[in-house]
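Residue numbers (our numbering), protein chains in the order written: chain L, 1 to 306; chain D, 307 to 557; chain W, 558 to 921; chain B, 922 to 1264. Glycine included, every Cβ here is placed at the ideal spot set by N, Cα and C. Remember, predicted model here, so these are calculated numbers, not experimental data. Report on the following structure.
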Amino acid sequence: METILLPENTSAYNRPKNFKRHLKKEAPFGVGSGALVWQFLFFYAPLVLMLISSFSRFHIDGTFESFTFAHFKQILKIDYFLVIFESLKLGFTTACSTLLLGFPLAYTIALKGGRFKSFLLFLVIIPFWTNFLLHIYAWFFVLEKGGFLNQVLLWTNLIQEPIHFLNTSFAVHLMMVYYYLPFMTLPIYSSLEKFDPTLIEASMDLGATKFQTFRRVVLPVLMPAIRTGFFLVFIPAFGEFVIPELMGGDKFMYVGSVVSQFIMGEKTAPIGIAFTVLSGGILLAASFLLYKGTFALNRWLTGGHR
Amino acid sequence: MIPLFVFAIYLFLYVPIIVLVLFSFNSKSFPSPWDGFTLHWYKELFQSKDLWASFTTSLTVSILSTLLSLFMGVCFIYYISRRQKGESLVPLFYSNLIVPELVLAIGLVSYFSLFQVPLGFQTLLIAHTVLGLGFAIPILFVRYKELPPSLMEASLILGAGPTKTFFKITLPLLKPALLASGLLIFVISFDDFLFSYFCAGTSVETLSLYLISSIRFGISPVVNALSTILLFLTIPLALLFFSSKKGTEVF
Amino acid sequence: MRSITLDRVSMTKRGSKILNEVSLKLPSSKFVALLGPSGCGKTTLLRAIAGFETIDSGRIFLGENDISHLPVHQRSMNYVFQDYALFPHLTVEQNIAYSLKIQRRPKMEIEQRVKKLLKSFDIEPLYHRYPEELSGGQQQRVAIARAIIAEPHVLLLDEPLAALDFKLSERMLIELIDLQDLLQMTFLYVTHDQLEALTVADLVIVMGAGGTIEQIGTPKEVYEFPKNAFVANFVGSTNLFEGTIEEIFDKEVVLKSTSNELMNISVADKPVWLQKNNTAVASIRPEKIDISKKPLANFSNNFKGIVTSIVYEGMSTKYYVRLDTGRKIIVFEQNEHHFIRDEINYDDEVYISWQKENVVLMER
Amino acid sequence: MVRVFYAFLWVLAIYFAIFVGHYSPSWFQTPVKSIDFFCWGDTIEPELLEEFEQTYKIHVNIHPFSSNEEMIVKLKAVQGKGYDLICASDYAIRILKEENLIAPIDHGQIPNIASIDPYLLHQNFDPQNEVSLPVEWEPYVIVSNEPTQLGIADLFQDQGKKRIVMTPDPVEAIMYAAYTLFGKTDQLSDVQLKEVARLLKSQKKSIEAYVDHRAKYLIETGNCDLALIRSGFARLMEKDKVPIHYSLPNDWHFINIENLAITASSNKKDEVHTFINFFLSKNSQKVHSENTLVFPVHKELTTETKIVAEIHEKNDPQFFHYLAKEEDTRDLWVSLKRHQPSE
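Have a look at this one:
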């Protein structure tokens, strides 16, 4: 709808600009600016201040003292970079494994679901909507020594004595995949919904095998959705620290765990903030590279230029 | 009909939940296998005062933050319906999804401590509303853009002023998106852990904080009972979400 | 009923001039058709009158008062959209009663007026249904009912029948004409279908590319005496002969066309540009040309040619003929031969002739 | 310009809605004598507080903190203002004394001092108990699922397939390793710190988890065989009839004493003294120790278990404190956690 702004330059409205007239004209902005104010006050301001405070030292009672690089100096150590790398690896493996599981799941629901489609999707939503700590708790039941999994394996005597699942990196990755699977499945599902199956038939008619169709037609068309799903998993997984702590017996150190330990200690808060800023930056760079990577992958798949 | 591989994924998704629900009725706490049916843990669940205190805290925070986010979202859409150039401001809200929650949580904590704002119910509400806005505005905006502009023009030409048009035509047509995003924000805020962990301070305990402290302590079937109830509370919410056609497009 | 006057309205959008100093005075309570190729700015002009688009300069009057700067909802006129724009969340009754509810009319009066309209549009049984449950024609009727219930001075219609099939749109067209007569309301009807414009309108405004008005006149005037080549070609199809004027007699003119056919054209008045050997354009309607295998007597213009293609359309036939001089012309013939005649078919040699009175001479 | 005006309106609306909610309750509270107690979440039971309020008409506001470091920093930030009484671990008392954030206690006003187990008084962090009085204490024990007599040093030796649970607190972990390598030390040189790090890393392959609360669960479900945790947890397992055996390490006795201290800035010294006296009374100590299974300080109550007797007999308690700079401790802990033993 075209804006119905009263054009200032026309004759009828050249009366002196009194405040009341202006107030009326900007009324809609007045109404709408609540969200903008909130966004600036509690989203952009904190992030910017966080950036600044990671470079500054404060007096005990909070007044600004001086710019310093001290906080960063304390964390520019090889171990901290390895921790960040570890988190990137965790994010990446989680994203890839959820893609491996999520894609066929979404594909089956969207295209082969038929009558059960909404029910199958509903089943995917339920775990996603309940508190994920409950699911961690549930996995304790399954993975521990006398747990369900060991009992089943023992019962079918695939193994003689219980395997050690809990408090291992396997348990951490398992839980990460479990929690982030819906994050990957749903975007792919919604784009598969809009995917028109005749494309597949067309490609088949042109003599492409099932695999070639998949590679040349299905995958590239869904690439944007896969990319959304990938980053919807990769970015939060990078910051995850509860799952590693609970499932991994707090034996592993990720960005989240480092930050949560620092921030809780008031004196060490600035270091925690500096570390957050550092890891946030690296995450952004990695995401950018991965983002470009998906395009390269797409070009390789289709041979096109997009 | 449904390939085995997908069936295995569903098994993977639901085995822990089934085990969880099953053992909420087991009389002895977990280490021993099935012992006998009992509702004892449910009784204990309803007696534990601070669990329900955290439940109600979480509930109030989620409801308030959902209403606040939707209210500001609708006002913002009103502004866009009156001034089209407002649409260029929408991308400002996309960043909520890009910035990892952890970074935002840390940002908020340091922001509050910088201004000596005491951590508590208010700071948690602020954090959740920021999250909510990040979902509400994009979803409402997409739905608003889907509406054919001729509808609003029809209402205008029939004599309704821009504000009346917004309330009589635009808003009712936004209802499905309002419902979908409202539910989404409520669930995300209710199940949120990160913001509660950092922004709630020590005076307020949300359900997630209660859960984490009880899980850190170890197994107690009371949590099983709680999970069963929460699971069955989520089902109607999810059904409601599905009923609004726009539900699935939200992703 | 007051009517609309435009005074040098112009508007540019994204750099291109959509409306270019458009001035016109619409007769009140008349059915006016606004005709033009797509993209000529006719819809934009309509939307500018309605207030959906803001004009850069010039003024719009409704009756005497200047409404160019009134917001949309204060211009007492109404608009029928191409996609009907019925409110999906309101029933048919609520849709129709919308403008009266906005004006907070008493409940009784609203119900009574809505009932009357439902009856006159014979969509009585639909009043509790929702728009998506209706057919195209029904939706169109509801849209029109909704627009006229508040008895606005002017009703703007933006190609309302474009979405309907041929049969239905023809019937709706007649209904619209009767409705206009009944209400004596000024209708401004935008269409790109020149047949529709000619049948429905009391007055036709032809707009050309670049947002200018080419001609205003009754359908007959616009069809019979187009002002320039564009109008001639756009309203109905025609044969155009560019050429130079050879001789000028008092009632007649001889034109030598670019493919040097000599044609004499009868001319009523002598416009200023009618000088010896400057260029002009002659337009002869296909149905005004006679075609036969044998040469025809007492025609003022006679030519010979070969039939290149024949388009048989049941009631009528179109012959595409290439004259000896190489020019291609179209001949249109109603199939109402009462006596058997020799069939004209493909590749035949034919004689083409038309009277000098039926040729229209136009400026270059 | 008008836009700024509207934006400012919103800021006011938000500020008013959010922050008035926060401060409103304090307007309604009837002014009654009250003291502000800055302590752990579970330092004192609500029923004891009610009993105290009934008898002495003094309301106690609890301000919980989750670590000694947090408490120290907050006290420094506000120079103690807003708090009257604090509960701090032994090493924290030494830091607070150096920063003179806590005031001397008038022993005269607290008759119950006489009933405190003398063993717990006159410790090196506050020899004359001038500024602090013990209120509860706990030794660290080794828990295992079959009767064994181990020392902390044994936990660092290869325990075969046995899984161990160790403390999540870096300060404690470093002291355990340091005492095993070099015996009693107060300060670690960089070289010694590296050796401590290497020992902790070598131990990691048999570590089940670095937790304290969840040790109980891991032992109950047989996921781990040995745990070095506070006695409170071990007694809790005993209460839940979990088949475990716990005993003091045979080489070192590490104990943690929680102490009450009065903030220097407090102007309600009398009310605070009455509260300390109340908390040290036999009944309060009994209720508190039964509830949290910590050891009470009251003389008559301490002789119950053989562990307390063993500690008294050896009489060589060690208290946790920083053996290295905070930054080095932190770096060591990060590299330990990041270290991937070749499982």
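Closest Cβ-Cβ distance between I463/D and chain W: below 8 Å?
yes
Locate the beta strand (DSSP E) running through R115/L, then write down its first and last residues.
From DSSP, R115/L is part of no beta strand (DSSP E); its letter is neither H nor E.
Nearest to V1062/B by alpha carbon, out of R1119/B, H1166/B, Q1044/B?
H1166/B
Cα-Cα separation between V570/W and F492/D, rounded to whole angstroms
Checking the sequence, you will find Lys at residue 570/W rather than Val. Spanning the two alpha carbons is a distance of roughly 44 Å.
Do D1011/B and F1240/B count as a contact pair if the criterion is CB distance below 8 Å?
yes
Beta-carbon within less than 7 Å of S257/L's beta-carbon, same chain only, minus the 5 sequence neighbours each way: which residues are those?
F241, P244, E245.
One or two residues paired with R57/L in a DSSP bridge
S66/L
Would you tell me roughly how many angstroms separate the C-alpha atoms of L290/L and P594/W, rounded to the nearest one?
50 Å
Under a Cβ-count criterion, where at least 16 other Cβ atoms within 10 Å of its own Cβ denotes burial, should T836/W be classed as buried or exposed?
exposed
Just to check, is the beta-carbon of S1036/B closer than 7 Å to a non-hydrogen atom of the ligand MG?
Here there are no bound small molecules, and the ligand MG is not part of this structure.
P187/L to F501/D, Cα distance in whole Å?
24 Å
Got a sec, what are the start and stop residues for the beta strand (DSSP E) C960/B sits in?
955-960
So for L289/L, helix, strand or coil by DSSP?
If DSSP states are grouped into helix, strand and coil, L289/L belongs with the helices.
Give the residues of chain W in contact with L457/D, contact being defined as C-beta atoms less than 7 Å apart.
In chain order: A642, F644.
Backbone secondary structure at W1173/B - three-state DSSP
Coil.
Since A1118/B and L1253/B are thought to touch, with beta carbons under 8 Å apart, how far apart are those beta carbons, to the nearest angstrom?
5 Å
Give the straight-line distance between the Cα atoms of L480/D and R216/L, rounded to the nearest whole angstrom.
38 Å
Reducing DSSP to helix, strand and coil, say where R1259/B ends up.
helix
For S514/D, name the three-state secondary structure that DSSP assigns.
helix
In chain order, what residues of the same chain lie with their CB nearer than 6 Å to the CB of A110/L, ignoring the 5 residues before and after it?
Y189, L192, E193
Return the CA-CA distance between N1212/B and Q160/L, expressed in angstroms with no decimal places.
Their backbone Cα atoms lie some 42 Å apart in a straight line.
Residues of the segment 655-666 of chain W in Cβ contact with chain D at a cutoff of 8 Å, in chain order, please.
Y655, S656, I659, Q660
Beta-carbon proximity check, V1132/B vs V1086/B, cutoff 8 Å
yes
How would you list, in chain order, the residues of chain D whose beta-carbon sits under 7 Å from the beta-carbon of M184/L?
Neighbours of M184/L on chain D: none; closest Cβ ~10 Å, over 7 Å.
Excluding the 5 residues flanking A607/W on each side, which residues of the same chain have their C-beta closer than 8 Å to its C-beta?
V629, R632, M634, Y636, L713
State the start and end residues of the unbroken alpha helix (DSSP H) segment that holds M1096/B.
Where M1096/B is concerned, the enclosing alpha helix (DSSP H) stretches over 1091-1103.
For the beta strand (DSSP E) that contains H867/B, what are its first and last residues?
Lying before the first or after the last residue shown, residue 867/B is absent from chain B, which here runs from 922 to 1264.
What residue ranges within the segment 645-687 of chain W form continuous alpha helix (DSSP H) runs of no fewer than 4 residues, ordered along the chain?
649-659, 664-677
Is there a Cβ of chain L sitting closer than 8 Å to that of K552/D, yes or no?
Caution applies to K552/D, whose pLDDT of 49 falls short of 50 and renders its modelled position unreliable; the model cannot decide the point.
So if DSSP puts G1029/B in a beta bridge, which residue, or which two residues, is it bridged to?
Note: G1029/B sits in no beta bridge, so no partner.
Could you work out which residue in E578/W, V888/W, E732/W, L760/W is closest to T743/W when comparing CA atoms only?
L760/W
Cutoff 8 Å: T544/D Cβ touching any chain W Cβ
A quick correction: the sequence has Ala, not Thr, at residue 544/D. A544/D does not count as touching chain W.
Any beta carbon from chain D within less than 8 Å of H1268/B's own beta carbon?
In the structure as shown, chain B starts at 922 and stops at 1264, and residue 1268/B therefore has no counterpart that could be examined.
Under 8 Å between C-beta atoms of T562/W and K587/W
The answer is no: Cβ separation not under 8 Å.
Please list, in chain order, all residues of the same chain as I863/W whose beta carbon is under 8 Å from its beta carbon, the five residues on each side excluded.
V878, R879, D904, D905, E906, V907
Beta strand (DSSP E) segment containing V217/L, residue limits:
Looking at the DSSP string, V217/L is not in any beta strand (DSSP E), and its letter there is neither H nor E.
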